[in-house]
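Right, one structure below, let's go through it.
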Amino acid sequence: MPEFNMQKTFNRLSQRASELVNKGEKTSYPPHTEELIEQIDQMKPCLSKIITATEEFVEINIASKVADTFQKNREKTNTSDRLSEAFDHVANESEKSAPNLSRMLRDAAGVHLKMASARKLFNEDVNKTFIEDLKSFVNGTLADALVRLHLKQFGMVIIKTVSVENVSLL
Numbered sequence: 432m433p434e435f436n437m438q439k440t441f442n443r444l445s446q447r448a449s450e451l452v453n454k455g456e457k458t459s460y461p462p463h464t465e466e467l468i469e470q471i472d473q474m475k476p477c478l479s480k481i482i483t484a485t486e487e488f489v490e491i492n493i494a495s496k497v498a499d500t501f502q503k504n505r506e507k508t509n510t511s512d513r514l515s516e517a518f519d520h521v522a523n524e525s526e527k528s529a530p531n532l533s534r535m536l537r538d539a540a541g542v543h544l545k546m547a548s549a550r551k552l553f554n555e556d557v558n559k560t561f562i563e564d565l566k567s568f569v570n571g572t573l574a575d576a577l578v579r580l581h582l583k584q585f586g587m588v589i590i591k592t593v594s595v596e597n598v599s600l601l
């Protein structure tokens with residue numbers, strides 16, 4: 432197999448991109464690249480199946496991402512808290528040997544502590560307003576609408592059944 436040369440590969444890809452944009456004469460790829468492209472093209476359906484199955488297995492969707500975010504937001508200590516603690520610890524350790532560094536680290540720790548407090552307050556507000564409103568909508572309005580929809584559909588089935596029974600009795 433020929434030796435890989437990054438500059439040569441970059442130049443060929445740049446040339447290929449400009450040819451696609453300019454719709455000019457196309458440069459052929461080296462033989463090993465052509466083989467790789469063919470193999471990848473043949474594997475596309477298999478790779479698509481694997482990707483789809485993986486997404487279904489992991490259930491990557493917006494709802495799960497939102498749930499993960501809210502779960503992280505409920506943690507008592509967040510990344511800003513931990514960074515603040517680390518800065519404080521290093522500031523205490525370096526107080527005698529590097530007083531300026533210690534002072535700057537304490538200032539940075541204070542800033543991160545304020546950020547952590549603000550983040551927690553924001554998350555509490557979001558949980559109280561958005562989440563509670565969403566829960567009441569899902570458990571109240573949406574649930575009532577679904578019940579009415581099912582009753583309406585069920586009622587039509589009962590009416591059809593009664594009509595068919597009445598016809599058969601006559």
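Our numbering puts the first residue of the sequence shown at 432, with every later residue one more than the last. Even for Gly, the Cβ is constructed at its ideal location relative to N, Cα and C.
Measure from the alpha carbon of residue i to the alpha carbon of each residue in the options, then state which is nearest.
i: alanine 546; options: Ser449, Leu514 and Asn436; result: Position check: residue 546 holds methionine in this sequence, whereas alanine was assumed. Ranking Ser449, Leu514 and Asn436 by Cα distance to methionine 546 puts Leu514 first.
i: glutamine 502; options: Leu478, Met535, Glu555 and Leu582; result: Glu555
i: threonine 508; options: Met535, Asp472, His543 and Lys583; result: His543
i: threonine 464; options: Leu478, Met474 and Thr440; result: Thr440
Taking a contact to mean a Cβ-Cβ separation below 8 Å, would you say residue i touches residue j in this structure?
i: arginine 550; j: serine 511; result: yes
i: tyrosine 460; j: isoleucine 471; result: no
Does the Cβ of residue i have 16 or more other Cβ atoms within 10 Å, making it buried, or fewer, making it exposed?
i: histidine 520; result: exposed
i: arginine 579; result: exposed
i: alanine 576; result: exposed
i: serine 533; result: buried
i: alanine 484; result: exposed
i: serine 449; result: exposed
i: alanine 407; result: Outside the shown range of the chain, which is 432 to 601, sits residue 407, and nothing can be said about it.
i: serine 599; result: Only weak support exists for where serine 599 lies, its pLDDT of 36 falling under 50; the value from the coordinates is given anyway. Its Cβ having fewer than 16 others within 10 Å, serine 599 is exposed.
Are there any heavy atoms of the ligand GDP lying less than 7 Å away from the beta-carbon of residue i, as far as the coordinates show?
i: glutamate 563; result: Of the ligands one can find in the structure shown there are none, so the ligand GDP has no counterpart to examine.
- [ ] Flag this pair as touching only if the region 514–525 and the region 533–548 have three or more C-beta atom pairs under 8 Å; answer yes or no.
- [x] In this structure the region 514–525 lies against the region 533–548, because at least three pairs of beta carbons, one per stretch, are closer than 8 Å.
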